[in-house]
Each structure stands twice: as C-alpha cells, then as structure tokens.
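Peer 1: I'd like to ask some things about the structure below.
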Amino acid sequence: MLSKLTKILKKRIDSKLVTSCILVYSLVLGNTVLAEYRPPADQKPPTTRTTSTVTRTGGCRGDQQTTLTALAPQKHTGQTVSSHPTFAWFVPDTESHPLEFRLYRYEASGDRALIQKIQLQSDRGIMSLSLPLDTPPLVTGQKYHWRVVLLCNPNRPSSALVTGADLDVVATPHELASKLATTNNPQQRSHLYASAGLWYDALSAALTATNTQQRLELELLEDLAQLEEVDDAHMVKYSSRIRPIIELERQQNTSYLY
86 MLSKLTKILK KRIDSKLVTS CILVYSLVLG NTVLAEYRPP ADQKPPTTRT TSTVTRTGGC
146 RGDQQTTLTA LAPQKHTGQT VSSHPTFAWF VPDTESHPLE FRLYRYEASG DRALIQKIQL
206 QSDRGIMSLS LPLDTPPLVT GQKYHWRVVL LCNPNRPSSA LVTGADLDVV ATPHELASKL
266 ATTNNPQQRS HLYASAGLWY DALSAALTAT NTQQRLELEL LEDLAQLEEV DDAHMVKYSS
326 RIRPIIELER QQNTSYLY
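In the numbering used here, the protein residues as written are 86 to 343.
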C-alpha cells in the first residue's frame, strides 16, 4: 500500500515539474525579441570598402577558417544615432597581438582625416570598443570611416591584417525616440534600432544583453550575411566571412552552456 502511494505521489510531482518547466520555457520564448535588421531606406554605398583589402585568410598564423572581420555592413553604409558609438570585429587568433583602432572623418574633398587612434591587444572572438566619453563626440550628419589593424608582426607592417567600414551619424527619428523611452531591455532596444536601420546601435544593444542562451548579436549577423550575399564579382563575398564566425560562436556558446 505504501509503495503504491509513493508511486502515485511521484507521478504527480513529475507531472507538476514538467508542467512548470514548459511554462517557464514558454515565458522565456514569449519574451524573446529577435533583432531583424532592416537596412536604411536611403541606402548609400560605402566610400571605402576596407574588407576588400584583406586577401589573406586564417588570421596571423594562416591556419584558421576565419579571418579578421569588421562586424558591420559593407554593401551599404551602416548608421548610428550615438555620438560615441560601439564598433565590433572578429579576431580569429588565440595568440594576442597588438591591434590599432583608427577612426577617420571624411572631409568635403572626399579625403579622410585621422581623428582617433587607440592601441589595444587582440583577444580571440568578437571584440568591441565604444568611443571613450571623454573624446570629442561624433557629429550628426557627418560620415566617418573606422578600421582595425591587427599587427601580426610589428616589425613587418606588410604582415598586418586590416578591416573596417564606413558609418553615418544620423538624428534619432522622433517615433523611435518615443519607443526607446519605454524600455531599457537590451533585446527590445536592439530590435527597435535594427528595425530603424541603425546597425551600430542595434549591435551595441545586443552585445549588452545578458541572456547567454540566445546570442542576439548572432541573429543580427545572420541578417547581415543574407543582405551581403550578392556582391561584386571582383570582391570576396562578405557573407562568406560572416557565416563561419556565426557557426564558430554558436559552437562555443553551446560548449559554454553544457
């Protein structure tokens, strides 16, 4: 009799546990917001396509499947509403190397003027840098170019890997500002920025999200890879650089969880 009662209680407990797990999982999925990046309606081709200058793959050692890659649009100019935006790139090498971040301003003549240079050390995976708040703000309506230079051998400048992208600083649309004022949730803010065509702000918000089970920045990169599928015949498809990065990051994320 006691054994039968124990089995009945166990079944009820297991049933409640399963129901609770399903409910929690449903709530998590219900609150999940995908970024869904949509390019600006007035897409502009970049003035400089730095990624095209990187002809060597595999990082400094040359034995990796990925290469130094700017995580930003290449077929069109990415936008930001931030005066001190965040930039991100992927480094394939496990060994740390000196790395330079450079920011240029486009002049009326079309020439670029170097306005910032920041010395860093590379770290394998996705790296990001927000412009320091004590530096001059970027100007709305101005176009800039950023790049990172990975110094594989500081004594041999020709061995350096270079990648980067253009960006336009634009004003925050009134409707977007109203929506942003209603939430501090990084996932929701990333979605709002992505829907408004603000790549740099969407990626910045995604990188601050703490949900390790859903790498929101990888969803953004998937969107970008699809947009970059069609490219010039003389250029290496940018999507072919992003997709291995997405796969590698997802594998590492799975290893971290389990």
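Virtual Cβ for every residue (Gly too), placed ideally from N, Cα, C.
Measuring only the C-alpha atoms, how far is GLN337 from ILE327?
Peer 2: Stepping through the sequence shown from its first residue, residue 337 is reached at position 252. Stepping through the sequence shown from its first residue, residue 327 is reached at position 242. Approximately 16 Å, taken between the alpha carbons.
Peer 1: Starting from LEU235, follow the alpha helix (DSSP H) in both directions and report where the run begins and ends.
Peer 2: What you label residue 235 is simply residue 150 of the sequence shown in a count that begins at 1. Going by DSSP, LEU235 is part of no alpha helix (DSSP H) but of the beta strand (DSSP E) stretching over 228–235.
Peer 1: Return helix, strand or coil for LYS202, following the three-state DSSP convention.
Peer 2: Mapped onto the sequence shown, residue 202 falls at position 117. Three-state result, LYS202: strand.
Peer 1: Which two residues bound the contiguous beta strand (DSSP E) that contains GLU307?
Peer 2: Within the sequence shown, residue 307 is the residue found at index 222, counting from 1. It is not in any beta strand (DSSP E) - GLU307 instead sits in the alpha helix (DSSP H) that spans 301–312.
Peer 1: Might you give, ordered along the chain, the residues of its own chain that have their beta carbon closer than 6 Å to the beta carbon of SER213, omitting 5 neighbours on each side?
Peer 2: Translated into positions along the sequence shown, residue 213 becomes position 128. Contacts found: THR171, ALA173 and LEU292.
Peer 1: Note the first and the last residue of the continuous beta strand (DSSP E) segment covering GLU192.
Peer 2: Reading the sequence shown from its first residue, position 107 is the one you call residue 192. From DSSP, GLU192 is part of no beta strand (DSSP E); its letter is neither H nor E.
Peer 1: Can you tell me where the alpha helix (DSSP H) with SER263 in it begins and where it stops?
Peer 2: The residue you call residue 263 lines up with position 178 of the sequence shown. 259–265 is the extent of the alpha helix (DSSP H) around SER263.
Peer 1: Relative to the C-alpha of ALA262, which residue among GLU314, PRO222 and ASP286 is closest?
Peer 2: The sequence position of residue 262 within the sequence shown is 177, counting from 1. Considering only alpha carbons, the answer is ASP286.
Peer 1: Grouping DSSP H, G and I as helix and E and B as strand, with all else coil, what is GLN164?
Peer 2: One-based indexing of the sequence shown puts residue 164 at position 79. Here GLN164 sits in strand by DSSP.
Peer 1: What separation, rounded to the nearest whole angstrom, lies between the Cα atoms of ARG187 and LEU235?
Peer 2: The residue you call residue 187 lines up with position 102 of the sequence shown. The residue you call residue 235 lines up with position 150 of the sequence shown. Cα to Cα, the separation comes out at about 11 Å.
Peer 1: Using CA coordinates, which residue listed in GLY210, CYS145, GLN204 and VAL166 is at the minimum distance from TYR229?
Peer 2: On the sequence shown, residue 229 is found 144 positions in, with the first residue counted as 1. The residue with the shortest Cα to Cα distance from TYR229 is VAL166.
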